[in-house]
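Residue numbers for the sequence shown follow our numbering, beginning at 15 and rising by one. From the three backbone atoms N, C-alpha and C, an ideal C-beta is built for every residue, glycine too. The structure under discussion appears below in the form of structure tokens.
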Amino acid sequence: MNLIFLGPPGAGKGTHAQRLMNELGIPQISTGDMLRQAMKAETPLGLSAKKFIEAGELVPDEVVIGIVEERLKADDCKNGYILDGFPRTVAQAEALSKFAHIDVALNLSLADDVIIQRLSGRRVCLKCGGTYHISTLNGREDCANCGEKLVQRKDDSPETIQNRLSVYAAQTAPLIEYYQQKGLLHTVECDASASVEVNYQKVRKALGIE
Ligand code: AMP
């Protein structure tokens with residue numbers, strides 16, 4: 015199954031994509047994680063992406079399209095993949111349709127006030143992509159998965175969060191209509207008061223996983 019996870023920042027795309035990756039044995043391809051790793055390694059890609067990411071703006075289409083096109087050629091994508099955070103513009107979706115066949119675009123929807131609360135307390139692992147919220151860490155500072163020290167993303171600051179939500183509304187939300195028209199859209203209304211597990215079961219159901 016070739017999947018796209020759509021939805022605003024903080025809706026749970028990464029969390030559910032990682033669970034699904036473990037359950038289905040197909041890779042989660044997060045352009046955000048790839049760009050952050052490039053930034054950490056100070057590669058030319060990372061250095062050029064840094065200013066956009068830290069301002070909450072999108073990295074130029076041609077850059078991310080190139081990364082994804084290359085990544086999808088890898089062997090581990092043969093049986094399917096989960097695109098997490100790509101496409102984010104209609105131009106990216108159009109480019110993707112030229113080199114990939116998408117089965118489902120899953121749209122995770124969540125209220126804005128919950129998103130802000132989630133993102134401002136988020137801590138991430140830059141090594142394995144693990145994501146946590148300070149309210150559940152009980153003071154713990156390292157990744158439960160790989161032991162790396164957790165950090166707060168620079169773009170999870172209050173001003174940048176607002177900008178990312180505006181960028182999402184203007185540039186990414188139109189993809190909901192785009193994939194609806196193609197008959198590929200499934201929407202999951204995430205319940206912020208419910209557990210990750212409960213919401214994950216909604217994701218599975220929307221994908222027809224028994
Ligand atoms: P994410 O981890 O998915 O929230 O992405 C973090 C940041 O990386 C975004 O705010 C953008 O600056 C950049 N980014 C990730 N994916 C894309 C994409 N598909 N197109 C453009 N910029 C992206």
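- I116 is the residue among K64, I116, K141 and A105 whose C-alpha sits nearest the C-alpha of L86.
- Scanning its chain for C-beta atoms nearer than 7 Å, with the 5 sequence neighbours on each side dropped, one finds around C204 the residues A25, G26, L122, S123, L124 and N213, in chain order.
- At least 9 Å separates the beta-carbon of L120 from that of R178.
- Annotation for K219 indicates a beta carbon at 8 Å or more from all heavy atoms of ligand 1.
- With respect to the 9 Å criterion, G94 and N36 are not classified as neighbours on the basis of their beta carbons.
- I129 places its beta carbon less than 9 Å from that of P23.
- Separation of the CB atoms of K54 and L140 is rounded to 6 Å, and the pair is thereby assigned contact status at 8 Å.
- Here the distance from the Cβ of S180 to the nearest heavy atom of ligand 1 is not below 8 Å.
- Excluding its 5 nearest sequence neighbours in each direction, T186 has C-beta neighbours in its own chain below 6 Å: R102, listed in chain order.
- In the structure shown, Q215 falls within a helical segment according to DSSP collapsed to helix, strand and coil.
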